[in-house]
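J.: Residue numbers (this note's numbering): 1 to 482.
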Amino acid sequence: NSLPAFNSNIGLVALRHLKDVADVECFDSQPEAGGLWHYTETSELTHANLESDVYYKQNGYLHPSIHEELIANVPRYLMQYKDFPVNAIATPMFMLRDNFFSYLLSYASHFKLSKYIRLNRLVSSVRLVSGFQDKREKQEWGLTSTKNDHRRFVVKYCSTTKTSKGVSPVGYAQFDYVVVCSGHNSFPIVPKIDGAENFQGLQMTAHHFRSYSTPDFRHKNVLIIGARYSGPDMFIQLLFNPYIDQNHVGTIYVSGDVSCLEKSTDFAHLYARQKIILKNGRVKSFGKTNVIFHDDTQAEIDLVIYCCGYHFRFSFLENEDKLINWSLNEHLGKYWGPLYSRMFCIKEPHLIFIGNHDHSIIIQLIMEKQCIVAKKVINNEIQLPSSQEMLKSFHEDLRKYLTLNKPLKDYYRLDTSVNDWSYIEQLRQLAKMKGNEIVDQTLKNIATKFLELASVGNWLSYRKYDFAQLELPGYRDTTDFL
Numbered sequence: 001n002s003l004p005a006f007n008s009n010i011g012l013v014a015l016r017h018l019k020d021v022a023d024v025e026c027f028d029s030q031p032e033a034g035g036l037w038h039y040t041e042t043s044e045l046t047h048a049n050l051e052s053d054v055y056y057k058q059n060g061y062l063h064p065s066i067h068e069e070l071i072a073n074v075p076r077y078l079m080q081y082k083d084f085p086v087n088a089i090a091t092p093m094f095m096l097r098d099n100f101f102s103y104l105l106s107y108a109s110h111f112k113l114s115k116y117i118r119l120n121r122l123v124s125s126v127r128l129v130s131g132f133q134d135k136r137e138k139q140e141w142g143l144t145s146t147k148n149d150h151r152r153f154v155v156k157y158c159s160t161t162k163t164s165k166g167v168s169p170v171g172y173a174q175f176d177y178v179v180v181c182s183g184h185n186s187f188p189i190v191p192k193i194d195g196a197e198n199f200q201g202l203q204m205t206a207h208h209f210r211s212y213s214t215p216d217f218r219h220k221n222v223l224i225i226g227a228r229y230s231g232p233d234m235f236i237q238l239l240f241n242p243y244i245d246q247n248h249v250g251t252i253y254v255s256g257d258v259s260c261l262e263k264s265t266d267f268a269h270l271y272a273r274q275k276i277i278l279k280n281g282r283v284k285s286f287g288k289t290n291v292i293f294h295d296d297t298q299a300e301i302d303l304v305i306y307c308c309g310y311h312f313r314f315s316f317l318e319n320e321d322k323l324i325n326w327s328l329n330e331h332l333g334k335y336w337g338p339l340y341s342r343m344f345c346i347k348e349p350h351l352i353f354i355g356n357h358d359h360s361i362i363i364q365l366i367m368e369k370q371c372i373v374a375k376k377v378i379n380n381e382i383q384l385p386s387s388q389e390m391l392k393s394f395h396e397d398l399r400k401y402l403t404l405n406k407p408l409k410d411y412y413r414l415d416t417s418v419n420d421w422s423y424i425e426q427l428r429q430l431a432k433m434k435g436n437e438i439v440d441q442t443l444k445n446i447a448t449k450f451l452e453l454a455s456v457g458n459w460l461s462y463r464k465y466d467f468a469q470l471e472l473p474g475y476r477d478t479t480d481f482l
């Protein structure tokens, strides 16, 4: 009996693979499946009463939503799952938000997943059954009979829709496995900058962004902090949106590592007329209406968008069992564990984490491979090493990582054509499965072109490129291969 505790699209994929080997019950805090691809207009900036929201009250932030006019930053090959290809005729190479959301709903329908999903159910706590000693506490958690005492976990959940009396009903259930697919694009990182508390304009994050009209960007000078993926996506939304012209917004400043954007020919005309001004390095400080950059130059701004990534957080594991070590005050809350193969909780391997990686353009495909590995473990097709061996493997993996002189906060980061394929090979060895050479080479061809264009900041040219020409004859991704 396994539980994917999910509110992300990868939870659907986990469900597809696990339903055939276990009695699965899936919890989703939203009224419809699809995770952040299920669009909601409401953000922390517009919510009428945040403290009344059950998800916010537990986590300190609202459930995330992709912005309304989002265009995916990877071609459709990298967003389709095994045995269910995207309709190439009806779908653009770079899917819009509603394209991919429709794909997810079709995926759920095709594999008949809805009967396993409990919508509007927020997992508030996951505990080990063996961790309960107090009789009264056991009774509260429904552990009063011997029927389910052999189960490993007990899960407390609540309804995200309240009764007429304003109460969120609470329930409990016992499981052998917990598979966490809750995603990590919910808890935005906001760097501490001197004077930020005194700035009189609006400060928001990419997590809050919904559309060009919310908040009001008209004639506003905008500072975007962060220049990797979300940063360019923000100014593309504001300057290349078909619903508004480029005079809708004022000057856009981009601060951070802008070395790639500086090389861009796509945006050179905007740099020339100072519609976009790139500022390398961190922001030094804020005034009431202005910002001081790393080079001591200043600018008057009206609005700040932080595009600095996300913390990890698993609020339902913040209890006395301490199955994972996590602290917001260490490594930006992005390093936690220990996990074997970056999936299995070493303290309790029946607790499995899927989808906690970012950066690689093939991340969706990697997450599905993790789902298949989890399926094989749960179905006893493969055996995990002992806890001691897993811990030894983890320390060796960590040792190799530290030789790269990278910070621990980036341990779960998989970079395109750097360490993503080595991780895939690690999963294949664990699952005792091979890859498909045609599929692998097609994906590597796409990654090469991505790096060629993205490394010089040419995001518009990248989205115009016909990636279909990189598809090798016989390309077909199935569960026959990992």
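Just so it is clear, CB atoms sit at the ideal spot from N, CA and C, and this is done for glycine as well.
Would you say the segment 57-73 touches the segment 135-144, given that touching needs at least three Cβ pairs under 8 Å?
T.: The segment 135-144 and the segment 57-73 do not touch, with fewer than three beta-carbon pairs separated by less than 8 Å.
J.: Which one of H63, P85 and N99 has the shortest CA to CA distance from A72?
T.: For the purposes of this step, residue 72 is taken as residue 72 along the sequence shown, with counting starting at 1. The shortest C-alpha to C-alpha distance from A72 to any of H63, P85 and N99 is the one to N99.
J.: Once the 5 residues before and after N290 are set aside, which same chain residues still bring their CB inside 7 Å of it?
T.: For the purposes of this step, residue 290 is identified with residue 290 of the sequence shown, where counting begins at 1. So the list reads Q298, A299, E300 and I301, once near-sequence residues are dropped.
J.: Assuming the contact rule is C-beta atoms closer than 8 Å, V24 and Y116 should be a hit. Round their C-beta distance to whole Å, please.
T.: Indexing the sequence shown from 1 puts residue 24 at position 24. Indexing the sequence shown from 1 puts residue 116 at position 116. With a Cβ gap of about 5 Å, V24 and Y116 count as contacting.
J.: Going by DSSP, what residues sit across from C26 in a beta bridge?
T.: The residue given as residue 26 occupies position 26 in the sequence shown. According to DSSP, C26 bridges with I117.
J.: Could you spell out the range, first to last residue, of the alpha helix (DSSP H) harbouring T91?
T.: Residue 91 sits at position 91 when you count from the first residue of the sequence shown. Here T91 belongs to no alpha helix (DSSP H), and DSSP marks it neither H nor E.
J.: Comparing alpha-carbon positions, which option in I252, Y229 and Y172 lies nearest A273?
T.: Taking the sequence shown and counting its residues from 1, one reaches residue 273 at position 273. The sequence as given places Arg at residue 273; Ala does not occur at that position. When each option's Cα is compared against that of R273, the closest is I252.
J.: For F481, which residues in the same chain have their Cβ closer than 8 Å to its Cβ, ignoring the five residues on either side in sequence?
T.: Numbered from 1 along the sequence shown, position 481 holds the residue referred to as residue 481. Closer than 8 Å at Cβ, skipping near neighbours: M433, K434, G435, N436 and V439.
J.: Which residue's Cα is closest to the Cα of D20: S417, L472 and I378?
T.: Along the sequence shown, read from residue 1 onward, the residue named residue 20 stands at position 20. It is I378.
J.: Identify, in the order they occur along the chain, each residue of the same chain with its Cβ nearer than 6 Å to the Cβ of W326, setting aside the five sequence neighbours on each side.
T.: Looking up residue 326 in the sequence shown gives position 326. Excluding sequence neighbours, W326 sits near W336.
J.: To the nearest angstrom, how far is the alpha carbon of V74 from that of I346?
T.: The residue labelled residue 74 in the question sits at position 74 within the sequence shown. The residue labelled residue 346 in the question sits at position 346 within the sequence shown. Cα to Cα, V74 sits roughly 33 Å from I346.
J.: Checking the sheet assignment: what are the DSSP bridge partners for N280?
T.: In the sequence shown, residue 280 corresponds to position 280, counting from 1. N280 is bridged to G256.
J.: How would you call N356, buried or exposed, if buried means at least 16 neighbouring beta carbons within 10 angstroms?
T.: Reading the sequence shown from its first residue, position 356 is the one you call residue 356. Buried, because 16 or more other Cβ atoms sit within 10 Å of the Cβ of N356.
J.: Pairing CB atoms from the segment 36-56 with CB atoms from the segment 386-398, are three or more of them under 8 Å?
T.: no
J.: Quick one, which of D420, L408, R342 and L398 has its alpha-carbon nearest S360's?
T.: Walking along the sequence shown from the start, residue 360 turns up at place 360. If we check each option's Cα against that of S360, D420 comes out closest.
J.: In whole angstroms, what separates the C-alpha of A173 from that of L105?
T.: Position 173 of the sequence shown, counted from the first residue, corresponds to residue 173. Position 105 of the sequence shown, counted from the first residue, corresponds to residue 105. Approximately 27 Å, taken between the alpha carbons.
J.: Could you pull out every residue in the same chain whose Cβ sits closer than 8 Å to the Cβ of A374, ignoring the five residues on either side in sequence?
T.: For the purposes of this step, residue 374 is identified with residue 374 of the sequence shown, where counting begins at 1. Excluding positions up to five away in sequence, the list reads A14, H17, L18, V179, M343, I352 and I354.
J.: Given this structure, state the Cα-to-Cα distance separating L270 from R76, to the nearest angstrom.
T.: By one-based count along the sequence shown, residue 270 stands at place 270. By one-based count along the sequence shown, residue 76 stands at place 76. Rounded to whole angstroms, L270 to R76 spans 29 Å at the Cα level.
J.: What residue does the beta strand (DSSP E) around F353 start on, and which one ends it?
T.: Reading the sequence shown from its first residue, position 353 is the one you call residue 353. Start and end: L351 to F353.
J.: Please look up how many angstroms separate the CB atoms of I189 and Y310, rounded, as I've assumed it's under 8 Å.
T.: What you label residue 189 is simply residue 189 of the sequence shown in a count that begins at 1. What you label residue 310 is simply residue 310 of the sequence shown in a count that begins at 1. With a Cβ gap of about 6 Å, I189 and Y310 count as contacting.
J.: Since K156 sits in a beta bridge, which residues does DSSP pair it with?
T.: Numbered from its first residue, the sequence shown carries residue 156 at position 156. S125 and Y172, per the DSSP bridge assignment.
J.: Assign G309 to one of three DSSP states: helix, strand, or coil.
T.: To locate residue 309, count along the sequence shown from 1; it is residue 309. Three-state result, G309: coil.
J.: Could you tell me the distance, in whole angstroms, from the CA atom of Y64 to the CA atom of Q429?
T.: For this step, residue 64 is matched to residue 64 along the sequence shown. For this step, residue 429 is matched to residue 429 along the sequence shown. One detail in the question is off: residue 64 reads as Pro in this sequence, not Tyr. About 34 Å.
J.: Would you tell me roughly how many angstroms separate the C-alpha atoms of T144 and K162, rounded to the nearest one?
T.: Here residue 144 refers to the residue found at position 144 when the sequence shown is read from its first residue. Here residue 162 refers to the residue found at position 162 when the sequence shown is read from its first residue. Cα-Cα distance, rounded: 27 Å.
J.: Give the straight-line distance between the Cα atoms of H184 and S130, rounded to the nearest whole angstrom.
T.: The residue given as residue 184 occupies position 184 in the sequence shown. The residue given as residue 130 occupies position 130 in the sequence shown. So the alpha carbons of these two residues sit roughly 29 Å apart.
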